[in-house]
Amino acid sequence: APERWRILGGKALGCFLTILMLASVVLLVGRLGFGVRPASFPLLVASLLSISFAFVGVMMAISTLGKTQAAVSGLGWAILMMMNMTGGGMVPLAFMPAWMQSAGSVSPVKWAILSLEGSMWRGFSAEQMLLPCGILLAVGAVGLTIGVRAFRWNEA
């Protein structure tokens, strides 16, 4: 049987590359279709790598929450929907009440949006990007750790 780290590493790498590819396509459409240019290309790359790592971790942790693909899929949608709602993915945080803006800080979506905005049009410095990217990297590391430790072979 293949080693656990090879299987999980392959799944994580596939997820990571898929996120990067989709983000690149969206940014390319923004560039070609709407003339959107990043304020800093190196910071945009750092943002995309941090976001991709964070959501690979989130998905690895979520994947261990059920015994069947259907159960995990439904639970995953619910968790990600809540992250989007609280993190500003559906309604910008600026339009939310103060308590909701504070509550949104637990969502990696908030930090993903902040890192993208910082590299695209807010003109963040590398120092200003440390907080959102650092939080995203921490989320990814925690999620991967949870996912690897909670992983069980399906013996069905």
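Per the numbering used here, the sequence shown runs over residues 8 to 163.
Where a beta carbon is used, it is the ideal one built from N, C-alpha and C, also for glycine.
Selection from the options that minimises the alpha carbon distance to residue i
{"i": "S54", "options": "C22, S132, A110", "result": "S132"}
{"i": "L35", "options": "L51, A145, M66, S109", "result": "L51"}
{"i": "A61", "options": "F158, A157, I153, R159", "result": "I153"}
{"i": "V149", "options": "L20, M67, G96", "result": "M67"}
{"i": "M107", "options": "I120, T93, C140", "result": "T93"}
{"i": "S42", "options": "I14, L72, M127", "result": "Here the sequence assigns Gly to residue 42, which means Ser is not the residue at that position. The shortest C-alpha separation from G42 is found at M127."}
{"i": "I120", "options": "K74, G73, I58", "result": "I58"}
{"i": "R129", "options": "R38, R44, G40, G21", "result": "R44"}
{"i": "M88", "options": "V116, F48, A46", "result": "V116"}
{"i": "C22", "options": "V32, N91, V65, R11", "result": "V65"}
{"i": "P49", "options": "G141, R159, G125, R156", "result": "G125"}
{"i": "A19", "options": "L151, R159, T75, T71", "result": "L151"}
{"i": "S47", "options": "S122, A157, V155", "result": "S122"}
DSSP state of residue i mapped onto helix, strand, coil
{"i": "W128", "result": "coil"}
{"i": "A61", "result": "helix"}
{"i": "P99", "result": "coil"}
{"i": "L144", "result": "helix"}
{"i": "E10", "result": "coil"}
{"i": "A163", "result": "Note on A163: pLDDT 41, under 50, position unreliable in the model; the coordinate value appears next. Looking at A163 - three-state DSSP - the assignment turns out to be coil, as it is neither helix nor strand."}
{"i": "M119", "result": "Note that residue 119 corresponds to Ala in the displayed sequence, not to Met. In this structure, A119 counts as helix in the three-state DSSP scheme."}
{"i": "K18", "result": "helix"}
{"i": "P104", "result": "coil"}
{"i": "L151", "result": "helix"}
{"i": "A157", "result": "helix"}
{"i": "A78", "result": "helix"}
Proximity test, Cβ basis, 7 Å: residue i and chain D
{"i": "A53", "result": "Among the chains of the structure shown, chain D does not appear; only one protein chain is present."}
Near the ligand NAD: residue i beta-carbon under 6 Å from a heavy atom
{"i": "F158", "result": "With respect to the ligand NAD, the structure offers nothing, as it holds no ligand at all."}
Q: Indicate whether the contact test is met: 3 or more Cβ pairs, each with one atom in the segment 100-112 and one in the segment 23-34, closer than 8 Å.
A: Taking 8 Å as the limit for Cβ pairs, the verdict is that the segment 23-34 does not touch the segment 100-112.
Q) Taking one C-beta from the segment 105-115 and one from the segment 124-139 each time, how about it: are there three or more such pairs within less than 8 Å? A) As far as the Cβ criterion goes, the segment 105-115 does not touch the segment 124-139, which means the pair count is below three.
Q. Do the segment 83-102 and the segment 136-149 make contact, defined as three or more Cβ pairs closer than 8 Å?
A. No contact exists between the segment 83-102 and the segment 136-149.
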